[in-house]
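Reviewing the structure listed below.
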Amino acid sequence: FLQSTTAVSSSASLILIPPLSVKKHTLNSFSTMVQRATSHDDVYDRQIRLWGADAQKRMSNARVLYINLTGVTCEIMKNLVLAGIAAVVCDDRPYPEAVREMPCSFFQADDMEKAMSSSGNDEAEPEAKKAKTTPTTVASAIQPKVEELNPLLSGRNSIEERPLASLPDDYFAQFDAIVASRLTVAEAKRISSSLQKVEEGKLFIVTDTFGFDGCAHLDFGSNHTYRRETGKDKLSDLLKIEPHIPMADMFDADLAGVKGRWDKVVPRTLVLQRLLMDYWGQGKDDGEKQKREFVDFANGWLSSNNLPNDGDSSLGDLTQLAGIADHPEVSPVCAVLGGMLGNEVLKALTGKGEPANNVMLFNGLDGGCRSFLVKGEK
Numbered sequence: 003f004l005q006s007t008t009a010v011s012s013s014a015s016l017i018l019i020p021p022l023s024v025k026k027h028t029l030n031s032f033s034t035m036v037q038r039a040t041s042h043d044d045v046y047d048r049q050i051r052l053w054g055a056d057a058q059k060r061m062s063n064a065r066v067l068y069i070n071l072t073g074v075t076c077e078i079m080k081n082l083v084l085a086g087i088a089a090v091v092c093d094d095r096p097y098p099e100a101v102r103e104m105p106c107s108f109f110q111a112d113d114m115e116k117a118m119s120s121s122g123n124d125e126a127e128p129e130a131k132k133a134k135t136t137p138t139t140v141a142s143a144i145q146p147k148v149e150e151l152n153p154l155l156s157g158r159n160s161i162e163e164r165p166l167a168s169l170p171d172d173y174f175a176q177f178d179a180i181v182a183s184r185l186t187v188a189e190a191k192r193i194s195s196s197l198q199k200v201e202e203g204k205l206f207i208v209t210d211t212f213g214f215d216g217c218a219h220l221d222f223g224s225n226h227t228y229r230r231e232t233g234k235d236k237l238s239d240l241l242k243i244e245p246h247i248p249m250a251d252m253f254d255a256d257l258a259g260v261k262g263r264w265d266k267v268v269p270r271t272l273v274l275q276r277l278l279m280d281y282w283g284q285g286k287d288d289g290e291k292q293k294r295e296f297v298d299f300a301n302g303w304l305s306s307n308n309l310p311n312d313g314d315s316s317l318g319d320l321t322q323l324a325g326i327a328d329h330p331e332v333s334p335v336c337a338v339l340g341g342m343l344g345n346e347v348l349k350a351l352t353g354k355g356e357p358a359n360n361v362m363l364f365n366g367l368d369g370g371c372r373s374f375l376v377k378g379e380k
């Protein structure tokens with residue numbers, strides 16, 4: 003299940019860390035090890051031997067911004083925090099409502115029940131005490147969990163509780179990488195355009211999972227350079243990503259005309275992510291009404307993008323897809339795709355290993371993940 007059908011992950015940057023569905027004491031063992039270690043190098047000794055001291059230093063100085071936590075982005079964050087990379091979480095959605103179905107052990111059922119009970123006693127509890135004890139956003143709820151995960155990063159992790167729309171364009175340039183989920187196309191294009199103004203390359207990932215499938219758009223920046231692995235302990239000269247397509251141009255591409263060497267029509271997984279990004283951005287209701295709305299929305303969306311709902315490009319039963327749109331995340335899919343995308347972040351930070359350019363398509367039924375190039379023609 004872990005094996006990729008194409009080389010989208012570099013063996014030199016592979017992170018073997020248990021998924022977040024494991025019991026809490028498994029993750030706590032790392033915190034215990036950190037407390038017993040005598041130095042920074044003791045904790046990251048295996049990583050230093052694998053990637054080198056310079057690569058570990060870059061990782062230790064880096065900060066990654068996570069926008070809208072989901073099962074897959076929590077997996078990426080868990081992997082990278084344990085590897086020594088600081089996290090900044092931007093998620094102002096209400097807690098616990100926004101995460102009640104998220105496959106992630108950061109959010110324990112008993113913690114959410116306590117939060118729900120606290121909200122029921124709002125009138126009796128003083129405002130000052132309530133503000134200190136009850137997290138009201140996803141970002142504030144996960145902050146202590148992230149701090150506990152890797153004590154060496156204490157003081158470097160932080161949260162951003164302002165709405166995404168209120169953040170200025172130059173806010174995003176301060177981070178070494180941005181990992182986002184549940185974005186609208188307009189939000190993704192705005193962040194992409196702001197990063198294009200920065201001279202150094204900044205990795206921007208937009209990823210979602212839906213049922214047994216997952217998709218990620220990746221933009222490493224036009225100036226990103228890397229060294230390809232040519233053998234044991236051997237690296238190539240500096241290379242640039244060719245062709246580089248800014249993420250804004252990926253989203254502007256005419257889906258009906260997107261094809262690949264082995265794809266005569268646009269891949270179904272790519273179509274499904276784009277459809278769901280537009281659909282989720284509208285904030286739909288639950289139940290039967292939601293299913294009817296999704297089917298009507300999907301038919302209209304396919305028509306407006308000149309995509310038929312039959313033949314090779316079929317999305318299948320739209321009524322069934324409506325259930326996936328309402329309850330999209332499956333824990334093993336989030337864990338495996340999150341591990342692969344964590345490796346892509348490591349490639350960006352260390353400059354080692356060939357990046358995936360520029361879309362990753364994951365199929366949980368066979369465990370295969372392949373890269374696909376979306377060109378920028380409109």
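All the letters of the sequence shown, read from the start, carry residue numbers 3 to 380 under the numbering used here. Virtual Cβ for every residue (Gly too), placed ideally from N, Cα, C.
*Sub-9 Å separation of ALA143 and TYR97 beta-carbons*: The count along the sequence shown starts at 1 and reaches residue 143 at position 141. The count along the sequence shown starts at 1 and reaches residue 97 at position 95. Yes.
*Under 9 Å between C-beta atoms of PRO165 and ASP94*: Locating residue 165 in the sequence shown gives position 163, counting from the first residue. Locating residue 94 in the sequence shown gives position 92, counting from the first residue. Contact: yes.
_Against chain C, does LEU205 count as a neighbour if the rule is that its beta carbon must be under 9 Å from one of theirs?_
Judged by its chain identifiers, the structure shown contains no chain C, having just a single protein chain.
*Does the Cβ of ASN70 have 16 or more other Cβ atoms within 10 Å, making it buried, or fewer, making it exposed?*
Here residue 70 is taken as the residue at index 68 of the sequence shown, counted from 1. ASN70 comes out buried.
*Indicate the three-state DSSP secondary structure (helix, strand or coil) for ASN70 in the structure shown.*
Locating residue 70 in the sequence shown gives position 68, counting from the first residue. Three-state DSSP puts ASN70 in coil, outside helix and strand.
*Close-in-space but distant-in-sequence residues of the same chain around ARG60 (CB under 7 Å, 5 per side omitted)*: Your numbering for residue 60 matches position 58 in the sequence shown. Excluding positions up to five away in sequence, the list reads LEU351 and THR352.
*Hey, out of SER196, SER156 and LYS191, whose CA is closest to PRO170's CA?*
For the purposes of this step, residue 170 is identified with residue 168 of the sequence shown, where counting begins at 1. Among SER196, SER156 and LYS191, the Cα nearest to that of PRO170 belongs to SER196.
*Select from VAL91, THR75, LYS116 and ALA190 the residue whose C-alpha is nearest the C-alpha of GLY283.*
As a first step, residue 283 must be located in the sequence shown, where it is residue number 281. Of the listed residues, the one whose Cα sits closest to GLY283 is ALA190.
*Using alpha carbons as the reference points, say which of ASP47, ASP56, ILE87 and GLU77 lies closest to SER62.*
Here residue 62 corresponds to residue number 60 of the sequence shown, with the count starting at 1. For the residues ASP47, ASP56, ILE87 and GLU77, the minimum Cα distance to SER62 belongs to ILE87.
_Taking only three categories from DSSP, how would you classify MET61?_
As a position in the sequence shown, residue 61 is number 59, starting the count at 1. Three-state DSSP puts MET61 in a helix.
_When you compare the CB positions of LEU151 and THR271, do they come within less than 9 Å of one another, or not?_
Along the sequence shown, one-based indexing puts residue 151 at 149. Along the sequence shown, one-based indexing puts residue 271 at 269. No, the pair does not count as a contact, with Cβ atoms beyond the cut-off.
_Pair within 9 Å by beta-carbon distance, GLY366 and VAL332_ = Here residue 366 corresponds to residue number 364 of the sequence shown, with the count starting at 1. Here residue 332 corresponds to residue number 330 of the sequence shown, with the count starting at 1. Yes.
_Assuming the contact rule is C-beta atoms closer than 8 Å, GLY203 and HIS219 should be a hit. Round their C-beta distance to whole Å, please._
Sequence index remark: in the sequence shown, residue 203 carries index 201 (1-based). Sequence index remark: in the sequence shown, residue 219 carries index 217 (1-based). GLY203 to HIS219, Cβ: 16 Å. No contact.
*Would you say VAL361 and CYS217 are within 9 Å of each other, going by their C-beta atoms?*
Position 359 of the sequence shown holds residue 361. Position 215 of the sequence shown holds residue 217. The answer is yes: Cβ separation under 9 Å.
*How long is the line joining the alpha carbons of ALA250 and SER119, rounded to whole angstroms?*
To locate residue 250, count along the sequence shown from 1; it is residue 248. To locate residue 119, count along the sequence shown from 1; it is residue 117. Going from the Cα of ALA250 to the Cα of SER119 covers about 43 Å.
*Smallest Cα separation from TRP303: which of LEU277, LEU317 and ALA327?*
Taking the first residue of the sequence shown as 1, we reach residue 303 at position 301. Looking at the Cα atoms, LEU277 is the closest of the given residues.
_Distance check for GLU346 and CYS336, CA to CA, integer angstroms please._
Position 334 of the sequence shown, counted from the start, is the residue given in the question as residue 336. Position 344 of the sequence shown, counted from the start, is the residue given in the question as residue 346. Straight-line Cα distance between these residues: approximately 15 Å.
*Label VAL24 either buried or exposed according to how many other C-beta atoms from any shown protein chain fall within 10 Å of its C-beta, with 16 as the threshold for buried.*
Position 22 of the sequence shown, counted from the first residue, corresponds to residue 24. Since pLDDT at VAL24 reaches only 44, below the 50 mark, its modelled position is unreliable, and the value read off the structure follows with that caveat. Classification of VAL24: exposed, given that the 10 Å Cβ count is below 16.
*Secondary structure, alpha helix (DSSP H): runs of 4+ residues fully inside the region 343-380*: none
*Tell me where the alpha helix (DSSP H) around ALA141 begins and ends.*
Counting from 1 along the sequence shown, the entry for residue 141 is found at position 139. Taken as a continuous stretch (DSSP letters only), the alpha helix (DSSP H) holding ALA141 covers 140-151.
*Classification of LEU240 by the beta-carbon crowding that lies within 10 angstroms, buried from 16 upward*: Along the sequence shown, read from residue 1 onward, the residue named residue 240 stands at position 238. Result: exposed.
*What's the gap between the Cα of ASP314 and the Cα of GLU115?*
Indexing the sequence shown from 1 puts residue 314 at position 312. Indexing the sequence shown from 1 puts residue 115 at position 113. Only weak support is given to the placement of ASP314: the predicted model assigns it a pLDDT of 44, under 50, and the value that follows is read from those uncertain coordinates. For ASP314 and GLU115, the distance between alpha carbons rounds to 45 Å.
*Hey, PRO357 and PHE222 are a contact pair by Cβ (cut 8 Å); roughly how many whole angstroms apart?*
Here residue 357 refers to the residue found at position 355 when the sequence shown is read from its first residue. Here residue 222 refers to the residue found at position 220 when the sequence shown is read from its first residue. That belief holds up - the Cβ atoms of PRO357 and PHE222 are roughly 5 Å apart, short of 8 Å.
*In this structure, what does DSSP give as the bridge partners for LEU339?*
Stepping through the sequence shown from its first residue, residue 339 is reached at position 337. Per DSSP, none; premise fails for LEU339.
*asked:* Please report the straight-line C-alpha distance between GLY233 and LYS354, rounded to a whole angstrom.
replied: For this step, residue 233 is matched to residue 231 along the sequence shown. For this step, residue 354 is matched to residue 352 along the sequence shown. In a straight line, the C-alpha of GLY233 is about 13 Å away from that of LYS354.
*CYS76 in three-state terms, based on DSSP*: Reading the sequence shown from its first residue, position 74 is the one you call residue 76. In this structure, CYS76 counts as helix in the three-state DSSP scheme.
*Span separating the alpha-carbon of TRP53 from that of ILE193*: Counting from 1 along the sequence shown, the entry for residue 53 is found at position 51. Counting from 1 along the sequence shown, the entry for residue 193 is found at position 191. Rounded to the nearest angstrom, the two C-alpha atoms are 30 Å apart.
*Name the residue from VAL297, VAL376, SER305 and TYR46 whose alpha carbon lies nearest to the alpha carbon of ASP328.*
Here residue 328 corresponds to residue number 326 of the sequence shown, with the count starting at 1. Closest option to ASP328, Cα to Cα, is VAL297.
_Between THR211, ILE207, ASP215 and ILE243, which has its C-alpha nearest SER224's C-alpha?_
Within the sequence shown, residue 224 is the residue found at index 222, counting from 1. Of the candidates THR211, ILE207, ASP215 and ILE243, the one whose C-alpha sits nearest the C-alpha of SER224 is ILE243.
*How close, in whole Å, do the beta carbons of CYS92 and GLU201 come, if the pair is a contact with beta carbons under 8 Å?*
Indexing the sequence shown from 1 puts residue 92 at position 90. Indexing the sequence shown from 1 puts residue 201 at position 199. Not confirmed; about 23 Å, so no contact.
*Could you tell me if GLY157 is buried or exposed, where buried requires 16 or more neighbouring beta carbons within 10 angstroms of its beta carbon?*
The count along the sequence shown starts at 1 and reaches residue 157 at position 155. GLY157 comes out exposed.
*Taking the Cβ atom as the reference point for each residue, do VAL376 and ALA258 lie within a distance shorter than 9 Å?*
Numbered from its first residue, the sequence shown carries residue 376 at position 374. Numbered from its first residue, the sequence shown carries residue 258 at position 256. No, Cβ-Cβ distance for VAL376 and ALA258 is not below 9 Å.
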